[in-house]
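*Asks:* Mapped onto the numbering used here, the consecutive letters of the sequence shown carry residue numbers 53 to 193. A virtual CB, placed ideally from N, CA and C, is assigned to each residue, including glycine.
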Amino acid sequence: VAPESANPIAATMTVEDVIFLDIKSMRETDSYKSKFKKYVQSKTEIDSAFIDAHYSFFMPWELDAIVAAKQLDEAFLEKYFGALDKGKISRYQQFSEGFFMKHYSQLDATVVLTKGKNEWRKKEKRSKQLDVFLRLKGVKI
């Protein structure tokens, strides 16, 4: 394979173009899902801003895989909350206590508080406000 600079088309491609081509070709392979997960984890360019700018390019399964593989910012989670897998958000994403309280009824509180990524899942790291909120909800974790 010739270096990219030897190919005039490749030399004019943006990082975004390369990512789109890579993903489109991955979609045609047998081991697409595992390849996609590894690819997303390896690409720092695939972040909240990138996904937001190209949201319609991604298939629902791909978005779920991204939620499980990449840390997404809270603004992105808020914007697409209705379309994203709540179980994956509960388990794999970091978010504020306020976000958790706002979306408490849609998130799995047990998963958030026992397996989630948030530092405040530990009782000693929680704010008084979250402690009171959980007590009022009858949560005993």
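Should Ile141 and Thr162 be called a contact, given that it needs their Cβ atoms to be closer than 8 angstroms?
*Replies:* no
*Asks:* In its own chain, which residues sit with a C-beta less than 8 angstroms from the C-beta of Thr81, not counting the 5 before and 5 after it?
*Replies:* Counting only Cβ-Cβ distances below 8 angstroms, and skipping sequence neighbours, we find Lys87.
*Asks:* Suppose you measure from the CA of Lys90 to the CA of Leu165; what does that come to, to the nearest Å?
*Replies:* 27 angstroms
*Asks:* Could you tell me the distance, in whole angstroms, from the CA atom of Met111 to the CA atom of Arg79?
*Replies:* 10 angstroms
*Asks:* Using three-state DSSP, classify Tyr143 as helix, strand or coil.
*Replies:* The displayed chain sequence assigns Arg, not Tyr, to residue 143. Here Arg143 sits in helix by DSSP.
*Asks:* Taking all protein chains shown into account, do 16 or more other C-beta atoms lie within 10 angstroms of the C-beta of Val184, making it buried, or fewer, making it exposed?
*Replies:* Exposed, since its Cβ has fewer than 16 Cβ neighbours within 10 Å.
*Asks:* Thinking C-beta only, is Lys95 closer than 8 angstroms to Ile118?
*Replies:* Contact: no.
*Asks:* Along the alpha helix (DSSP H) that carries Trp113, what are the first and last residues, could you check?
*Replies:* Segment Pro112 to Ala121, the alpha helix (DSSP H) holding Trp113.
*Asks:* Select from Gln158, Asp125, Ala101 and Ala135 the residue whose C-alpha is nearest the C-alpha of Leu115.
*Replies:* Ala135
*Asks:* Is Val92 buried or exposed, if buried means 16 or more other CB atoms sit within 10 Å of its CB?
*Replies:* Buried is the label assigned to Val92, since at least 16 other Cβ atoms lie within 10 Å of its Cβ.
*Asks:* Do you know how far the Cα of Asn170 is from the Cα of Arg143?
*Replies:* 9 angstroms
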